[in-house]
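**Student:** What follows is a single structure, and I will ask about it in a moment.
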Amino acid sequence: MKRRTIPARMCGALVAALAVQAASPVAAAETFGARLTHQLTPPEYCTSNKGKMCTWVLMEAQGNAGKETAPRNGTVDKIRLVACAPAGSFVLQVVRVKPGTEKVKAISTGPVVNYQGTKRNCTASKNFDVEEFDVDVPIRKGQSLAVVATEVRFMYNSGSGPSIMYDPPLAEGDAFRTTSLDSGFLMIQAELAP
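Positions -28 to -1, 1 to 166 (mature numbering (1 follows the signal peptide of the UniProt record, and there is no 0)) are the ones given, in order, by the sequence shown.
This is the structure:
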């Protein structure tokens, strides 16, 4: 029986490759939307009628400039938000915004997200209670998030803000729409499946 040996330089290369692989950190989750690091303001209602439904569109990501839209095609598998109590709900929408405009079109609608909110989040200025929801929502690079609700309890508004509101809400199949209604930062974040 003939014995085979591996040259030392090949062993060294193999050991180095395995060491690099073992030392590689696990890829960080790819997210877009707000950083969830800002104090909330009181809830926002759909125009002056608190019972009506509106769409709020994420146009600027709080504390996360340049991360307003999906960075690639994929599936949103988690939604996170910081909300003030009491509990509420919204319908998640994926929308397309025409670049450089406030013209928006609904691409998909659903699922419904029921959040709890916490009293602590209503007054806290840091270390917020973040809620996380599993979803399965296809999205394309450059598309944005929106929510349809009668009120939003996950908002930071310093005056006229970076989100826009549509009354009546955006509906799938409709043409691009404009609005003159604005709102604050939606404190919502999406994570893409790997």
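Note that beta-carbon positions come from the ideal geometry of N, C-alpha and C, so glycine has one too. All values reported here derive from a predicted model rather than from experimental measurement.
Name, in chain order, the residues that DSSP records as bridge partners for residue 50.
**Tutor:** To locate residue 50, count along the sequence shown from 1; it is residue 78. 106, 163, per the DSSP bridge assignment.
**Student:** Would you decide whether residue -4 is buried or exposed? Buried here means 16 or more other CB atoms lie within 10 Å of its CB.
**Tutor:** Taking the first residue of the sequence shown as position 1, residue -4 is located at position 25. With a pLDDT of 44 at residue -4, under the threshold of 50, the modelled position of that residue is not reliable, and no figure is offered here.
**Student:** For the alpha helix (DSSP H) containing residue 93, name the first residue and the last one.
**Tutor:** Position 121 of the sequence shown, counted from the first residue, corresponds to residue 93. It spans 91 to 95 - the alpha helix (DSSP H) in which residue 93 sits, taken as one unbroken run.
**Student:** If you measure between the beta carbons of residue 37 and residue 125, is that distance less than 7 Å?
**Tutor:** Stepping through the sequence shown from its first residue, residue 37 is reached at position 65. Stepping through the sequence shown from its first residue, residue 125 is reached at position 153. Not closer than 7 Å, so no.
**Student:** Spatial neighbours of residue 77 within its chain, please: C-beta separation below 6 Å, excluding the five flanking residues on both sides.
**Tutor:** Locating residue 77 in the sequence shown gives position 105, where the first residue counts as 1. Cβ neighbours of residue 77 beyond the five flanking positions: 68, 148.
**Student:** Answer with buried or exposed for residue 84, where buried requires no fewer than 16 other C-beta atoms within 10 angstroms of its C-beta.
**Tutor:** Here residue 84 refers to the residue found at position 112 when the sequence shown is read from its first residue. It is exposed - the Cβ of residue 84 has fewer than 16 other Cβ atoms within 10 Å.
**Student:** Return the first residue and the last residue of the beta strand (DSSP E) that residue 56 is part of.
**Tutor:** The count along the sequence shown starts at 1 and reaches residue 56 at position 84. Careful: residue 56 lies outside any beta strand (DSSP E) and carries neither H nor E.
**Student:** Compare the C-alpha of residue 27 against each of 120, 5, 156 and name the closest.
**Tutor:** Against the sequence shown, residue 27 aligns to sequence position 55. Nearest of 120, 5, 156 to residue 27, Cα basis: 120.
**Student:** Taking the C-alpha atoms as reference points, what is the distance between residue 93 and residue 46?
**Tutor:** Reading the sequence shown from its first residue, position 121 is the one you call residue 93. Reading the sequence shown from its first residue, position 74 is the one you call residue 46. Those two C-alpha atoms are separated by around 31 Å.
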